[in-house]
Amino acid sequence: MIETQLLEILEANDIFDKFQSGFRKKDSTESALPRVTNDILMHADSGERTLLLLLDLSAAFDTVDHRILIDRLRHYVWLGGTALQWFSSYISNRIFSVSVVDFVSSSTSLSSGFLRVQSWVCSC
């Protein structure tokens, strides 16, 4: 529900970049692929050189400062009231620790990034 409302705000206020594919209605990163492929082929057909640079930004959210995020939501997305308070409470006063087998690290505060639960098994 919150995602739907936030996306509506972003769409209605034309905040998305024109080349944004993910998180848009009737568009996705999969629908961007044929557009990119078409652009490359069109340039190749006309004898132009093409360079495609792909960046993996999946870890980018690990560096998002919570105070900056709330400020941007307030001033660029015009989020306020209960919605802004909800986002702020969701990311404020977060702590995390690491647990491996019988070891648990001490807890520390999380002022940037977003926790992603990851688990893996080592047969060492």
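Everything in the sequence shown is counted per my numbering, starting at 3 for the first residue and increasing by one. Note that CB positions come from ideal geometry on N, CA and C, so glycine has one too.
- Message: Less than 7 Å between the beta carbons of SER23 and ALA34, yes or no?
- Response: yes
- Message: So if DSSP puts ASP41 in a beta bridge, which residue, or which two residues, is it bridged to?
- Response: According to DSSP, ASP41 bridges with nothing at all.
- Task: Tell me, to the nearest whole angstrom, how far the beta carbon of VAL66 is from that of ILE11; I am working on the premise that it is less than 8 Å.
- Result: The pair is not a contact, with the Cβ atoms about 19 Å apart (cut-off 8 Å).
- Message: Measuring straight from C-alpha to C-alpha, what distance separates SER91 and GLU50?
- Response: 51 Å
- Item | Residues near SER111 by beta carbon distance below 8 Å, same chain, minus five either side | ASN95, ARG96 and ILE97
- Message: Let me confirm a value: ILE93 is counted as buried when at least 16 other C-beta atoms fall within 10 Å, else exposed. Which label applies?
- Response: buried
- Item | Coarse secondary structure for PHE63, derived from DSSP in three states | helix
- Item | Proximal residues to ILE17 (C-beta, below 8 Å), its chain only, five neighbours per side dropped | ILE11, TYR78 and VAL79
- Item | Beta-bridge pairing of PHE98 - partner residues as DSSP gives them | THR110
- Item | For LEU56 and GLY83, the rounded distance between their alpha carbons | 38 Å
- Message: Considering only DSSP beta bridges, list what PHE105 is partnered with.
- Response: VAL102
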